[in-house]
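A.B. asks: Residues 243 to 397 (the working numbering) are what the sequence shown spells out, left to right. Glycine included, every Cβ here is placed at the ideal spot set by N, Cα and C.
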Amino acid sequence: KCANKECRQWFHPIREGQIVCSYQCASAVGKEQTRKAREAAQRKAQSLQRAAEKKERAAWRQRKAAVKPLKHWIDLTQRAVNDICRETELAEGLGCISCGTKTAFAWHAGHYRSTAAAGHLRFTRFNIHLQCDVCNVYKSGNIEAYRTALVERYG
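(1) Report the three-state DSSP secondary structure of residue 252 (helix, strand or coil).
(2) Looking at the secondary structure, which residues open and close the alpha helix (DSSP H) in which residue 333 lies?
(3) Report the residue from 377, 382, 303, 354 whose alpha carbon sits nearest the alpha carbon of residue 347.
(4) Is it right to say residue 372 is buried, meaning 16 or more other beta carbons lie within 10 angstroms of its own, or is it exposed?
(5) Looking at the unbroken alpha helix (DSSP H) that takes in residue 290, where does it start and where does it end?
(6) Measure the C-alpha to C-alpha separation of residue 344 and residue 369 and round it to an integer number of angstroms.
(7) Thinking residue 391 and residue 326 are a contact (beta carbons under 8 angstroms), I'd like their distance in whole angstroms, please.
(8) Starting from residue 351, follow the alpha helix (DSSP H) in both directions and report where the run begins and ends.
(9) By alpha-carbon positions, which one of 266, 388, 289, 243 ends up nearest to residue 255?
(10) Quick one: what's got a C-beta closer than 7 angstroms to residue 387's C-beta in the same chain, skipping five residues either side?
(11) I believe residue 350 touches residue 375 by the beta-carbon criterion, under 8 angstroms. Please report the beta-carbon distance rounded to the nearest angstrom.
(12) Using the Cβ count rule (16 or more neighbours within 10 Å means buried), how would you classify residue 331?
(13) DSSP has residue 371 in a bridge; who is on the other side?
(14) Using a 10 Å radius around the Cβ and a threshold of 16 neighbouring Cβ atoms, would you call residue 383 buried or exposed?
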């Protein structure tokens with residue numbers, strides 16, 4: 243049977259491996275095979291391109307993760323400085339700078355001038371003191387009592 247889908251006639255092959263009945267059918271089958279080969283090559287090229295793009299995106303994500311923004315490092319430093327200030331004052335036996343309590347469930351490192359209002363004082367030791375959770379969170383820093391305690395402590 244002829245391999246050309248448009249012909250499909252029965253024929254007796256003259257040569258071994260002959261799959262078409264005439265030159266016209268051979269031309270049509272050859273064009274079909276060429277088209278299929280071209281499409282397969284295009285699919286393979288697209289697949290390789292997608293794989294390369296995926297690899298490139300993964301490398302970009304890895305580079306992006308390695309290069310953290312400045313805010314990330316500022317936040318890490320702020321956390322470390324706050325921990326040092328809080329633990330130092332707890333070790334010295336000092337209580338909350340605003341209300342004076344020494345028994346609190348949670349301790350914070352309270353800033354007299356907030357980091358949003360005065361970023362340049364963010365890491366200054368004289369601006370960071372031990373504060374209880376109630377004063378720092380619920381009383382917005384309890385600034386009036388904080389100020390009097392600062393005057394008593396530093397003059």
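C.D. replies: Let's see:
(1) Coil.
(2) Segment 312 to 333, the alpha helix (DSSP H) holding residue 333.
(3) Relative to the Cα of residue 347, the nearest Cα in the group 377, 382, 303, 354 belongs to 377.
(4) Looking at its Cβ environment, which holds 16 or more other Cβ atoms inside 10 Å, residue 372 is buried.
(5) Boundaries of the alpha helix (DSSP H) around residue 290: 265 to 308.
(6) Within the model, the alpha-carbon separation for residue 344 versus residue 369 is close to 20 angstroms.
(7) A Cβ-Cβ separation of about 20 angstroms leaves residue 391 out of contact with residue 326 under the 8 angstroms criterion.
(8) No alpha helix (DSSP H) holds residue 351; the beta strand (DSSP E) holding it covers 349 to 353.
(9) The candidate whose alpha carbon is nearest that of residue 255 is 243.
(10) Apart from the 5 residues on each side of it in sequence, residue 387 sits with its Cβ closer than 7 angstroms to the Cβ of 340, 341 in its chain, given in chain order.
(11) Confirmed, about 6 angstroms.
(12) Its Cβ being crowded by 16 or more others within 10 Å, residue 331 is buried.
(13) Bridge pairing for residue 371: 352 [DSSP].
(14) With 16 or more other Cβ atoms within 10 Å, it is buried.
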